[in-house]
Amino acid sequence: MRRKQRYAALPLFAALRDERLPPRVRLGFMPAFAFFVMAFGDLNRYLLRKEPAPDPHQARVNAHTREDDHHWPWFLEELEKLGWSRDTTFTEALRALWSDDTHRCRLLMYELCAIVDTADGVERLAIVEAIEETGNVLFALTTRLAGEVQAQTGRELRYMGAHHVALENGHMQNGEHALLIGIGLDAAKRRRCVAPVDRVFDAFDAWTHEAAREIGRLAAPPALQETP
């Protein structure tokens, strides 16, 4: 997919491959990704899912959402394991989640909600596939880093590591990609499927630059780092 190839070439993923940086620094953007991770369950449960399903394509989307709506506990588990769940107040946590430094993370989720809102079953399948492709790019790299962290600490990272990737690969093995390709679409309908896919990649693209800046901040010498 042309968009996936362009996406994989963005600076964030170069930073994740930069072996000059310690694994924890390269994974250090993840706390700032919390808004998206926590809202992703809601996106699946309340927006992508439609009950009762009006057509077989929506039924397939519904099945997918049941596999993807409960990953956030693994993320919380990792915040604890990596020492990123430091003592704070509720108001400080809210300020961090809604800060200017993380606004692209929030806009990413808001945009996905807008894209899904008016989409039919076939279009939602295309949207789900696009989201999966962005995840494949990200988690293929975080899995390697999570493995390094586990080797150093003995602590498994299920969200950023192999556990999550194995489930995502299972989606592909279950034939979702082949199902989408096999749907007969006329030219007009194909355009209506391509348009939201492009919007998905555009939204993720914008977020990656915010994440890359966070890695850059963490990688800077302590004297040059901004106060959190």
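For the sequence shown, my numbering begins at 2 and goes up steadily by one.
For every residue, glycine included, the Cβ atom is placed at its ideal position computed from N, Cα and C.
Note that the structure is predicted; figures quoted are calculated from it, not measured.
Environment of residue i [buried if 16+ CB atoms lie within 10 Å]
i: F91; result: exposed
i: E81; result: exposed
i: T209; result: buried
i: P32; result: buried
i: A204; result: buried
Distance CB(residue i)-CB(residue j) smaller than 7 angstroms
i: W211; j: R107; result: A small correction: the amino acid at residue 211 is Glu; Trp does not occupy that position in the sequence shown. Result no, Cβ atoms of E211 and R107 do not sit closer than 7 angstroms.
i: H65; j: V150; result: no
i: K5; j: E124; result: no
i: A220; j: V26; result: yes
i: L126; j: H72; result: no
i: C114; j: L48; result: yes
Proximity to residue i [Cα-Cα], best of the options
i: L83; options: R156, V123, R200 and D203; result: R156
i: G162; options: L219, I116, L146 and W85; result: L146
i: E215; options: F30, A16 and R25; result: F30
i: A40; options: D69, P24, Q153 and L22; result: D69
i: A54; options: D121, Y111, T89 and V117; result: D121
Beta-carbon contacts of residue i that lie in its chain and below 7 angstroms, excluding the five residues immediately before and after
i: A9; result: V138
i: L142; result: F14, L17 and R18
Other residues of its chain near residue i: CB distance less than 8 angstroms, five sequence neighbours each side excluded
i: A131; result: R4, P197, V198, V201 and F202
Contacting residues, own chain, Cβ-Cβ under 6 angstroms from residue i (five flanking each side not counted)
i: F76; result: V38 and Y160
i: V166; result: F140 and T144
i: S86; result: L80
i: L98; result: F36
key: Complete runs of the alpha helix (DSSP H) confined to the stretch 88-132 [at least 4 residues]   = Taking only runs of at least 4 residues, the alpha helix (DSSP H) segments lying wholly in the stretch 88-132 are 91-98 and 104-118.
ask   = Which runs of the alpha helix (DSSP H) fall wholly inside the stretch 50-85 and span at least 4 residues, in chain order?
value = 57-69 and 73-82
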